[in-house]
Every structure is written in C-alpha cells, then in structure tokens.
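A short write-up of the structure that comes next.
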Amino acid sequence: MGRLHSKGKGISASALPYSRSAPSWLKTTPEQVVDQICKLAKKGATPSQIGVVLRDSHGVAQVKHVT
142 MGRLHSKGKG ISASALPYSR SAPSWLKTTP EQVVDQICKL AKKGATPSQI GVVLRDSHGV
202 AQVKHVT
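Plus 141 on top of the position in the sequence shown (first one is 1) and you've got our numbering.
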C-alpha cells in the first residue's frame, strides 16, 4: 500500500550489523550450533523455527556469523 499524502511506498527495514564475526560474549561453539540445527531438523522444524529457537534460547543471532 502507498502513503496517503505523499509519493512512494517506504523502504523501512532492519539493517544487519556489518561485523561478520561471532559476538565475544557468545560461548557456543560452531559444532554445538550445527548439532542443535541437526536435532531440530530431525524433529521436523522448519528453517525459520530453527532460527527462532537458536535466537531465543541460545543467543545465536546469525548462524552464518558463528559457523
């Protein structure tokens, strides 16, 4: 949907941080993250559900940065 009194549709989105390394406070090893992903996938979780579990329970924001 467009705006009521102006042109355009807006491009609001969250920006990912530029640093592509794991945070210093994260104590989870890449092997543990991969094992957790495999366990959740075997249970039938979708990729988005796996990401939510890793983010909320284990503090892993971006798996790419950790592995």
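Using N, Cα and C, we set each Cβ at its ideal position, and we do this for glycine too.
Problem set entry | Opening and closing residue of the alpha helix (DSSP H) in which Val207 lies | Working through the sequence shown from its first residue, we reach residue 207 at position 66. Val204 to Val207 is the span of the alpha helix (DSSP H), which, as asked, contains Val207.
Exercise. Would the beta-carbon of Ala156 fall within 7 Å of that of Val207?
Worked result: Here residue 156 corresponds to residue number 15 of the sequence shown, with the count starting at 1. Here residue 207 corresponds to residue number 66 of the sequence shown, with the count starting at 1. Not closer than 7 Å, so no.
Problem set entry | Residue range of the unbroken alpha helix (DSSP H) whose run includes Ser189 | Within the sequence shown, numbered from 1, the residue matching residue 189 stands at position 48. Taken as a continuous stretch (DSSP letters only), the alpha helix (DSSP H) holding Ser189 covers Pro188 to His199.
Exercise. With respect to 6 Å, is the separation between the Cβ of Val174 and the closest non-hydrogen atom of the ligand ZN below this value?
Worked result: What this structure holds is no ligand at all, so the ligand ZN is not there to describe.
Problem set entry | Residues of its chain near Val204, where Cβ-Cβ distance is below 8 Å and the 5 sequence neighbours each way are ignored | On the sequence shown, position 63 is the one that residue 204 refers to. Excluding sequence neighbours, Val204 sits near Val174, Ile178, Gly192 and Leu195.
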